[in-house]
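**Q** Protein chains in written order, with this note's numbering: chain A, 5 to 156; chain B, 156 to 703.
So, in structure tokens, the structure goes:
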């Protein structure tokens with residue numbers, strides 16, 4: 005049987021292993037809630053999951069209102085980033101890597117600009133009306149507005 | 156237009172009907188080709204169908220390999236990425252065009268530069284493309300234009316190959332059959348046929364059985380033909396011998412017919428003479444002027460005095476189918492002696508009779524003289540009655556037929572005969588004896604024996620009479636008639652008679668004994684005074700009867 009070697013099954017196995025490793029941390033991870041933040045001045049009250057997905061995965065680089073959008077990624081090693089894409093696009097970090105790698109040669113779209121931590125992301129969003137980022141809810145301050153709470 | 160079918164028929168006669176090889180080969184080849192073509196067309200249809208299915212599966216697989224990339228391209232509406240995908244797909248030789256769309260926008264469209272073939276494409280394979288991040292979100296579509304001609308050509312080349320192989324096989328089989336038929340059947344048959352043409356009958360020549368066909372049907376056929384030749388020759392030889400024998404026999408018969416002492420002739424059912432031999436003319440004493448005319452003269456005309464009798468005989472012969480013969484007396488001019496011929500008629504067909512004529516004059520004459528001699532010995536020449544010998548012979552014959560024949564013996568003795576004889580002479584006596592003989596003949600029946608054993612003594616043996624009364628009646632009648640006056644010309648005389656009667660004893664008797672008893676009874680009657688009848692019954696003394 006070659007079932008184990010099929011890509012989707014391999015992915016499931018990998019996700020299971022990942023879950024096993026992450027199990028002790030789960031309570032901590034679950035405690036945190038990821039939220040999508042925007043600059044209050046851009047006038048965006050609320051974004052749908054889909055609108056958020058389209059912006060972060062490069063489909064559109066604009067808000068529904070038409071204003072251009074500048075997505076800010078967290079560092080590759082960030083657990084929040086991993087959790088964010090897993091919840092939003094059902095992709096792990098490996099999948100995301102290959103997704104962006106496919107697009108690099110076309111040159112039209114590049115991955116979001118990545119920052120080291122949530123503080124930097126919040127600062128950028130607070131200072132740039134077009135910026136959009138995702139962070140742990142706990143880190144959010146009043147300078148930014150929460151446009152979407154990313155739930156499982 | 157008319158000569159074409161004729162020419163075709165001629166050609167068929169010469170090439171096909173005249174050759175087993177051609178016919179057999181055609182008989183195998185034609186159905187094989189028809190079957191082969193049917194098979195090939197079925198194969199090509201199924202090959203094309205399966206080829207099409209395979210192509211579709213192949214293209215679906217092809218689409219699966221590029222699907223993930225296509226998802227991204229459609230999701231991002233990335234024309235470059237879409238071009239890259241389209242380029243990869245178009246390199247497949249059965250794809251004539253690729254279109255990748257996202258919503259209403261065409262991300263990429265490519266035609267195969269070699270095939271040029273949107274117009275040749277007859278099959279479109281489409282696959283909706285989902286978002287890479289949301290399987291329920293359709294973000295685009297890939298359409299493949301499939302070059303049907305390419306698939307068709309592939310299928311055709313496949314089925315062509317199998318058809319070619321089939322044709323080759325059929326051709327080889329037909330050739331093998333043709334060679335085999337020629338080698339194993341036609342050639343040996345032709346050889347035997349040539350030999351049969353050259354063979355001469357009645358030389359003892361036979362066909363050679365081909366060594367290789369000794370045990371098969373051709374060998375059997377040749378053996379049978381040889382047997383036929385042998386039997387044919389036997390029949391010919393026998394027939395020739397029979398013909399020779401027949402000729403000899405016919406000559407012999409002709410000679411016998413011509414030289415025969417017997418007259419031979421053939422008649423039809425009306426008596427018309429059809430053929431005859433010289434002896435026939437000679438025996439019938441036919442003069443040259445009266446020779447029969449074949450087919451017109453009848454036997455009745457040749458023997459006019461027997462015409463009626465012969466006519467009856469011929470009819471009888473024809474109706475009964477039996478042979479008849481007849482003795483004829485011919486009166487011959489200038490001869491006192493009659494000539495006799497015997498004519499025998501034998502039916503030999505429904506309307507044909509064969510006849511034999513023999514001269515029987517000598518036999519007839521000797522028969523007549525023998526009869527005369529025999530009569531002399533047993534007859535009384537004076538009265539024509541039996542003499543003593545004749546009487547004894549007659550009685551012996553009766554006793555030899557039966558041990559005790561029913562007979563009444565009447566012993567008759569004339570009274571006063573001696574006186575008549577003395578008074579009127581011997582001649583008158585003889586006339587009286589003749590007169591008495593006639594009376595006796597009148598009163599006896601046919602088959603009774605009437606005799607004059609001697610002198611004036613007469614005996615009658617009445618056959619079949621055992622009743623004394625009846626015998627006595629007869630005796631009394633005889634006495635009464637004898638007592639009538641007898642005319643002797645100038646005078647008339649009267650005589651009388653005494654009669655003694657005896658019967659054959661049923662318990663056993665002899666001619667001598669019964670005659671003796673009758674004699675004794677007659678003497679009794681005489682002693683009783685003439686004109687009397689006495690009966691002797693068994694050994695009892697004679698009973699007295701009344702005188703007439």
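The beta carbon of each residue, even a glycine, is placed where N, CA and C say it ideally should be. Given the structure is predicted, the values throughout are model-derived calculations rather than measurements.
1. Between the Cα of residue 92 of chain A and the Cα atoms of A:16, A:14 and A:155, which residue gives the shortest distance?
2. Any idea if residue 273 of chain B is buried or exposed, counting beta-carbon neighbours within 10 angstroms, 16 or more meaning buried?
3. Below 7 angstroms on C-beta distance, what does residue 57 of chain A contact in chain B?
4. I need the boundaries of the alpha helix (DSSP H) containing residue 149 of chain A, first residue and last residue.
5. Give, in chain order, every unbroken run of the beta strand (DSSP E) that is at least 3 residues long and sits entirely within the region 228-310 of chain B.
6. Exposed or buried, what is residue 574 of chain B when buried is set at 16 or more other beta-carbons lying within 10 Å of its beta-carbon?
7. Residue 146 of chain A and residue 39 of chain A look like a contact to me (Cβ under 8 angstroms); what is the Cβ gap, rounded to whole Å?
8. Does the distance from the CB of residue 475 of chain B to the CB of residue 423 of chain B come in under 8 angstroms?
9. Can you tell me whether DSSP reads residue 678 of chain B as helix, strand or coil?
10. Residue range of the beta strand (DSSP E) that residue 654 of chain B falls in?
11. Starting from the Cα of residue 572 of chain B, find the closest Cα among B:557, B:652 and B:594 and give me that residue.
12. Is there a Cβ of chain B sitting closer than 8 angstroms to that of residue 106 of chain A, yes or no?
13. Mind reading off the beta-carbon distance from residue 295 of chain B to residue 257 of chain B? Whole number of angstroms is fine, and I expect it under 8 angstroms.
14. Would you call residue 407 of chain B buried or exposed, if buried means 16 or more other Cβ atoms sit within 10 Å of its Cβ?
15. Could you tell me which chain A residues have their CB closer than 7 angstroms to the CB of residue 224 of chain B, listed as they occur along the chain?
16. Roughly how far, in whole angstroms, is the beta-carbon of residue 500 of chain B from the beta-carbon of residue 478 of chain B, given that I think they are within contact range, below 8 angstroms?
17. Could you give the distance in angstroms between the alpha-carbon of residue 455 of chain B and the alpha-carbon of residue 428 of chain B?
18. Give the range of the beta strand (DSSP E) segment to which residue 39 of chain A is assigned.
19. Work out the CA separation of residue 537 of chain B and residue 640 of chain B for me, nearest whole Å.
20. Touching or not, the region 582-598 of chain B and the region 677-692 of chain B, by the rule of three or more beta carbon pairs under 8 angstroms?
21. Going by beta carbon distance, what residues of the same chain come within less than 7 angstroms of residue 417 of chain B, once the five residues before and after it are set aside?
22. By Cβ distance, which residues of its chain are closer than 7 angstroms to residue 337 of chain B, with the 5 residues on each side in sequence left out?
23. Please decide whether residue 6 of chain A counts as near chain B, where near means a Cβ-Cβ distance under 8 angstroms.
24. Kindly identify the DSSP beta-bridge partner or partners of residue 145 of chain A.
25. Can residue 143 of chain A and residue 126 of chain A be called in contact, C-beta distance under 8 angstroms?
26. Going by Cα to Cα distance, which pick from A:70, A:20, A:114 and A:141 is closest to residue 48 of chain A?
27. Which of the three DSSP states is assigned to residue 117 of chain A in this structure?
28. Give a yes or no on whether 8 angstroms exceeds the smallest Cβ distance from residue 94 of chain A to chain B.
29. Looking only at DSSP bridge pairs, what is residue 431 of chain B linked to?
30. Give the straight-line distance between the Cα atoms of residue 45 of chain A and residue 238 of chain B, rounded to the nearest whole angstrom.
31. In chain A, which residues lie with their C-beta within 9 angstroms of the C-beta of residue 235 of chain B?
32. Taking Cβ-Cβ distances shorter than 8 angstroms, what residues in chain B pair up with residue 138 of chain A?
33. Can you confirm whether residue 152 of chain A, when its beta carbon is compared against all beta carbons of chain B, has any partner nearer than 8 angstroms?
34. Residues of chain A with CB closer than 9 angstroms to the CB of residue 245 of chain B, please, in chain order.
35. Which stretch, first to last residue, makes up the beta strand (DSSP E) that contains residue 507 of chain B?
36. Using a Cβ-Cβ cut-off of less than 7 angstroms, give me the residues of the region 58-69 of chain A that come near chain B, in sequence order.
**A** The short version:
1. If you number the first chain from 1, residue 92 of chain A lands on position 88. Here the closest residue by C-alpha is A:155.
2. Stepping through the second chain from its first residue, residue 273 of chain B is reached at position 118. Reliability fails at residue 273 of chain B, whose pLDDT of 48 lies under 50, so the model's placement of it is uncertain and the value that follows must be treated cautiously. When all chains shown are included, residue 273 of chain B counts as exposed.
3. Within the first chain, residue 57 of chain A is the residue found at index 53, counting from 1. Within chain B, the C-beta atoms nearer than 7 angstroms to that of residue 57 of chain A come from 288, in chain order.
4. For this step, residue 149 of chain A is matched to residue 145 along the first chain. From DSSP, residue 149 of chain A is part of no alpha helix (DSSP H) but of the beta strand (DSSP E) over 149-154.
5. Segments of the beta strand (DSSP E) lying fully in the region 228-310 of chain B: 250-257, 260-266, 276-286 and 289-302.
6. Reading the second chain from its first residue, position 419 is the one you call residue 574 of chain B. Flag for residue 574 of chain B reads exposed.
7. On the first chain, position 142 is the one that residue 146 of chain A refers to. On the first chain, position 35 is the one that residue 39 of chain A refers to. Not confirmed; about 14 angstroms, so no contact.
8. Residue mapping note: residue 475 of chain B aligns to position 320 of the second chain, counting from 1. Residue mapping note: residue 423 of chain B aligns to position 268 of the second chain, counting from 1. In this structure, residue 423 of chain B does not lie closer than 8 angstroms to residue 475 of chain B by Cβ.
9. For this step, residue 678 of chain B is matched to residue 523 along the second chain. Looking at residue 678 of chain B - three-state DSSP - the assignment turns out to be helix.
10. As a working note, residue 654 of chain B is residue 499 in the second chain. It spans 651-658 - the beta strand (DSSP E) in which residue 654 of chain B sits, taken as one unbroken run.
11. Position 417 of the second chain, counting from 1, holds the residue named residue 572 of chain B. The shortest C-alpha separation from residue 572 of chain B is found at B:652.
12. Against the first chain, residue 106 of chain A aligns to sequence position 102. Yes, contact with chain B.
13. Within the second chain, the letter at position 140 stands for residue 295 of chain B. Within the second chain, the letter at position 102 stands for residue 257 of chain B. Confirmed, about 4 angstroms.
14. As a position in the second chain, residue 407 of chain B is number 252, starting the count at 1. The residue in question, residue 407 of chain B, is exposed, as its Cβ has fewer than 16 Cβ neighbours within 10 Å.
15. Numbered from its first residue, the second chain carries residue 224 of chain B at position 69. Identification of chain A residues near residue 224 of chain B by a Cβ-Cβ cut-off of 7 angstroms yields 106, ordered along the chain.
16. Reading the second chain from its first residue, position 345 is the one you call residue 500 of chain B. Reading the second chain from its first residue, position 323 is the one you call residue 478 of chain B. 7 angstroms between Cβ atoms; contact.
17. Position 300 of the second chain, counted from the start, is the residue given in the question as residue 455 of chain B. Position 273 of the second chain, counted from the start, is the residue given in the question as residue 428 of chain B. Between residue 455 of chain B and residue 428 of chain B, the C-alpha separation is close to 10 angstroms.
18. Taking the first chain and counting its residues from 1, one reaches residue 39 of chain A at position 35. In the DSSP assignment, residue 39 of chain A falls within the unbroken beta strand (DSSP E) covering 38-42.
19. Position 485 of the second chain, counting from 1, holds the residue named residue 640 of chain B. Position 382 of the second chain, counting from 1, holds the residue named residue 537 of chain B. Straight-line Cα distance between these residues: approximately 21 angstroms.
20. no
21. As a first step, residue 417 of chain B must be located in the second chain, where it is residue number 262. Closer than 7 angstroms at the Cβ level, and outside the excluded window around residue 417 of chain B, lie 434, 511, 512 and 513.
22. Start at 1 with the first residue of the second chain, and residue 337 of chain B comes out as number 182. So the qualifying residues of the chain are 176.
23. Here residue 6 of chain A is taken as the residue at index 2 of the first chain, counted from 1. At residue 6 of chain A the pLDDT is 43, less than 50, meaning the model places this residue with poor confidence; the figure from the coordinates comes in the next sentence. No, because no Cβ of chain B sits closer than 8 angstroms to the Cβ of residue 6 of chain A.
24. Start at 1 with the first residue of the first chain, and residue 145 of chain A comes out as number 141. Residue 145 of chain A is not bridged by DSSP to any residue.
25. As a position in the first chain, residue 143 of chain A is number 139, starting the count at 1. As a position in the first chain, residue 126 of chain A is number 122, starting the count at 1. In this structure, residue 126 of chain A lies closer than 8 angstroms to residue 143 of chain A by Cβ.
26. The residue labelled residue 48 of chain A in the question sits at position 44 within the first chain. Looking at the Cα atoms, A:70 is the closest of the given residues.
27. Locating residue 117 of chain A in the first chain gives position 113, where the first residue counts as 1. Residue 117 of chain A falls in the strand class under three-state DSSP.
28. For the purposes of this step, residue 94 of chain A is taken as residue 90 along the first chain, with counting starting at 1. Among the CB atoms of chain B, one or more fall inside 8 angstroms of the CB of residue 94 of chain A.
29. Looking up residue 431 of chain B in the second chain gives position 276. DSSP lists B:420 as partners of residue 431 of chain B.
30. As a working mapping, residue 45 of chain A is identified with position 41 in the first chain. As a working mapping, residue 238 of chain B is identified with position 83 in the second chain. Rounded to the nearest whole angstrom, the CA to CA distance from residue 45 of chain A to residue 238 of chain B is 40 angstroms.
31. Taking the second chain and counting its residues from 1, one reaches residue 235 of chain B at position 80. Under the 9 angstroms cutoff, chain A gives 109, 110, 111 and 112.
32. Here residue 138 of chain A refers to the residue found at position 134 when the first chain is read from its first residue. Those within 8 angstroms of residue 138 of chain A in chain B number zero; the least Cβ separation is about 15 angstroms.
33. Here residue 152 of chain A corresponds to residue number 148 of the first chain, with the count starting at 1. With 8 angstroms as the cut-off, residue 152 of chain A does not count as an interface residue toward chain B.
34. Walking along the second chain from the start, residue 245 of chain B turns up at place 90. By Cβ distance, chain A contributes nothing, its closest Cβ being about 18 angstroms from residue 245 of chain B, past 9 angstroms.
35. Residue mapping note: residue 507 of chain B aligns to position 352 of the second chain, counting from 1. Run containing residue 507 of chain B: 507-514, per the beta strand (DSSP E) assignment.
36. 61, 62 and 63
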